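Chains as they are written, first to last, in this note's numbering: chain S, 1 to 114; chain U, 115 to 226. Here's the structure we're looking at; comments come further down.
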């Protein structure tokens, strides 16, 4: 069964600290993996997208890694800011259909305290 | 910044009412989607469209219906709302390759 599992479910860190969020998936065949940031009451916003051949991609203070062999990804946030408080969602796309179906994780709720 | 808009942002209605959630995008995307999201849960695809006059049901069964008469407009309708329809509804659109998926801000629907 194609699934995307994220950990931890929630995380609280102090402003300025770094953190790493995890994503494990069983989606096959794999096309790409995306990380989204979703502020409370808003729609998700894309942070990074990685294909099979990419093992790291950065977007400012956000760095995503991908290990396609172990089917694991991580999102590292450096020097956290209060505005980083949000849900971070891992999404995996397959290439087994014309739709290119997306499988969503439940997200990690990050809270950054001053 | 994504040019995809949803209205209303919040809607509280009584059981049995007919409602339409609006979604419009100005990016000229052919593909549009409706997702349903409950707190702490993953997004579920309920409807999608590949272009004008093309609509398909998604993975999650929904009593809602959609239409795609114009490229930029993808409204979702509930003929008779029930408390079980209470949820957040997110509209999205994408480029042809679906690599870039843009979401609207969502409509939080509460049915009393």
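In this text, a Cβ means the ideal position worked out from N, Cα and C, and glycines have one as well. Values in this document were obtained by computation on a predicted structure and should not be read as measured data.
Cβ of residue 139(U) within 8 Å of any chain S Cβ: It does not: the Cβ of residue 139(U) has no partner Cβ on chain S nearer than 8 Å.
Neighbouring residues, chain S, relative to residue 154(U) (Cβ below 7 Å): Residues of chain S with a Cβ closer than 7 Å to the Cβ of residue 154(U) are, in chain order, 106.
With C-beta atoms as the reference, is residue 88(S) less than 8 Å away from residue 102(S)? No, the Cβ-Cβ distance between residue 88(S) and residue 102(S) is not below 8 Å.
Where residue 125(U) falls: helix, strand or coil (DSSP): When secondary structure is reduced to three states using DSSP, residue 125(U) falls in the strand class.
For residue 178(U) and residue 39(S), I'd like the C-alpha separation in whole angstroms. Going by C-alpha positions, residue 178(U) is about 26 Å away from residue 39(S).
Distance check for residue 57(S) and residue 49(S), CA to CA, integer angstroms please. Those two C-alpha atoms are separated by around 8 Å.
So what does residue 171(U) bridge to, in DSSP terms? BP columns for residue 171(U) point to 161(U).
Strand pairing of residue 14(S), partner residues [DSSP]: Residue 14(S) is bridged by DSSP to 113(S).
Against chain S, which members of the region 189–204 of chain U pass a CB distance test of less than 9 Å? Close to chain S, meaning a Cβ-Cβ distance shorter than 9 Å, are the following residues of the region 189–204 of chain U: 202, 204.
Based on Cα-Cα distance, which residue from 65(S), 106(S), 108(S), 85(S) lies nearest to residue 33(S)? When C-alpha distances from residue 33(S) are compared across 65(S), 106(S), 108(S), 85(S), the shortest belongs to 65(S).
Assuming residue 145(U) and residue 207(U) are in contact, meaning their beta carbons sit under 8 Å apart, how far apart are those beta carbons, in whole angstroms? The pair is a contact, with the Cβ atoms about 6 Å apart (cut-off 8 Å).
Between the CA atoms of residue 21(S) and residue 186(U) - distance to the nearest angstrom: Distance between the alpha carbons of residue 186(U) and residue 21(S) is about 36 Å.
So that I know if they touch, is there some Cβ in chain U lying closer than 8 Å to that of residue 8(S)? Closer than 8 Å: no.
Relative to the C-alpha of residue 135(U), which candidate in 189(U), 214(U), 199(U), 196(U) has its C-alpha closest? Among 189(U), 214(U), 199(U), 196(U), the Cα nearest to that of residue 135(U) is on 189(U).
Let me know the secondary structure DSSP gives residue 198(U) once reduced to three states. Helix at residue 198(U).
What does a CB cutoff of less than 7 Å around residue 209(U) pick up in its chain, not counting 5 residues either side in sequence? Answer for residue 209(U): 143, listed in chain order.
Roughly how far, in whole angstroms, is the beta-carbon of residue 31(S) from the beta-carbon of residue 93(S), given that I think they are within contact range, below 8 Å? Contact flag correct, Cβ pair sits at about 4 Å.
Under 9 Å by beta carbon: chain S residues contacting residue 171(U): Within chain S, no residue comes near residue 171(U); the closest Cβ sits about 12 Å away, beyond 9 Å.
How many Å lie between residue 104(S) and residue 155(U) at the Cα? Rounded to the nearest angstrom, the two C-alpha atoms are 9 Å apart.
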